[in-house]
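For reference, the structure discussed in these notes is given below.
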Amino acid sequence: MRFLEELDRAFKKGDVDAVVALGVRLLHMGWYSKLDWFLERFNEMLRYLPPEERRRVQENELILNLMHLVMHLVRDMEPERALPYVRPKGSMIERRIYYEYLGNHPRAYHYLLRYERETKIKSFWLEIRKIYMRMYRGGRVSLREIERLETSEDEVEFVAQIITRGYAVGIYHILKGEIDGDTFGEIKRAVMYGLSENYDHTTSRLLQVFIPLSLMRGEERVARTYLNAAISTAQTEQNRYMYEWFGMYDLALRGDVEPLRERARLYEEKGYIGHEVLARAVSGLIGGGREELERAKALSDKYWHRHVLRYAEVLTGRNL
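Right under this line is the structure:
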């Protein structure tokens, strides 16, 4: 693959800046099956760098911390193993990522705003996250806020931003309960673009909302086609976080309640709030009991998961 060949050349040349840039791209692409290989090659490269260059790289630990966070939070779903990269040395970025993946959106939002205050940075990523966090908790957002965000001229950033903007537009419409054909088509093209560019994890985020949107429009065949693709991609790239998520979509469409109740208990133990909300909401709607629904609603109110409750409603064709 051209990307891996490019990364291999950067490692062999000892081009640290290129390796770091490609490492960020690797995270965007979601090729988590390659993380161990990347970290092994990265540490090997460090050993052969001049002392001054090695110190410069080691002082900037962000890329390595992000790699380890993703390995433990997304690939393996073992959050306790991610903690050493969050506290005490973790920056606002690592802390925000940690809580966002666990589904504790109030905490993630807190660190997002702290990062913005401390750095004075304004960026697409900060603004888009503030927008969809507001939607998660039920706040008002206009489509214009999303559409006016400027994308980067950098190719890697641009691809990821187009996909992420599609995700935010999708969240807006799933919460609204309707979407026109043109907007649905635009989101579908963003999905296809992301998959064609091998941005697997970022596109999986978009598929989280695109599959329910397809069902909302009555396009069950489209939903099932992309669900099968999402499950296959997550399995291939060792993305357990998304594999578990889309597995629940499959159980919802099959009306299989007992595995969902078991998963809800597992996610509660591990601390994955979003996954637990989805499992409890879907199981409650298809016969798992009112207690499951009440628990899902309580978690949604506390940790901002209005969108996940809507996913459950659309997947089951029933209202909470």
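34 is the number of the first residue of the sequence shown in our numbering; add one for each residue after it. Idealized CB from N, CA, C, for every residue including glycine.
If you compare the alpha carbons of Ala331, Leu293, Gly288, Ile130 with that of Arg351, the shortest gap goes to Gly288. The alpha-carbon separation between Leu299 and Tyr169 amounts to approximately 23 Å.
If you draw a straight line from the Cα of Asn137 to the Cα of Glu127, it is about 14 Å long. In terms of Cβ geometry, Ala267 and Ser237 form a close pair [threshold 9 Å].
Taken in chain order, the whole alpha helix (DSSP H) runs of length 4 or more contained in the region 322-353 are 323-336, 339-349. Glu295 and Glu111 have their C-alpha atoms spaced approximately 18 Å apart.
The C-beta distance from Ala223 to Leu239 rounds to 6 Å, short enough to meet the 8 Å contact threshold. Annotated three-state conformation of Ile154 is coil, per DSSP.
Excluding sequence positions up to five before and after Ala43, its CB lies within less than 7 Å of the CB of Ala51, Val52, Leu55, all in the same chain and listed in chain order. DSSP places Ser316 in the helix class (H, G or I) of the three-state scheme. For Val255, the enclosing alpha helix (DSSP H) covers residues 253-269. Between Ile220 and Gly199 the beta-carbon gap is near 5 Å, inside 8 Å, which marks them as a contact. In this structure, Arg313 sits near Arg328, with a CB-CB distance shorter than 9 Å. By the criterion of a C-beta distance shorter than 7 Å, Leu208 is surrounded in its chain by Met168, Arg339, His340, Arg343, once the five residues flanking it on both sides are discounted. For Leu37, the enclosing alpha helix (DSSP H) covers residues 35-46. Between the alpha carbons of Trp64 and Phe36 lies a distance of about 11 Å. Within its own chain, the residues whose Cβ lies closer than 8 Å to the Cβ of Leu145, once the five positions on either side in sequence are excluded, are Met125, Arg129, Leu159, Arg162, Lys163, Met166, listed in chain order.
Measuring C-alpha to C-alpha distances from Ala345 to each of Tyr336, Gly304, Asp283 identifies Asp283 as the nearest. The three-state secondary structure of Thr216, taken from DSSP, is helix.
Taking C-beta separations shorter than 6 Å and ignoring five residues to either side along the sequence, the partners of Arg58 in its chain run Val189, following chain order.
Ala297 and Tyr132 have their C-alpha atoms some 19 Å from each other.
Distance from the CA atom of Glu291 to the CA atom of Met275, rounded to whole angstroms, is 20 Å.
Per DSSP, the unbroken alpha helix (DSSP H) holding Lys209 starts and ends at 188-209.
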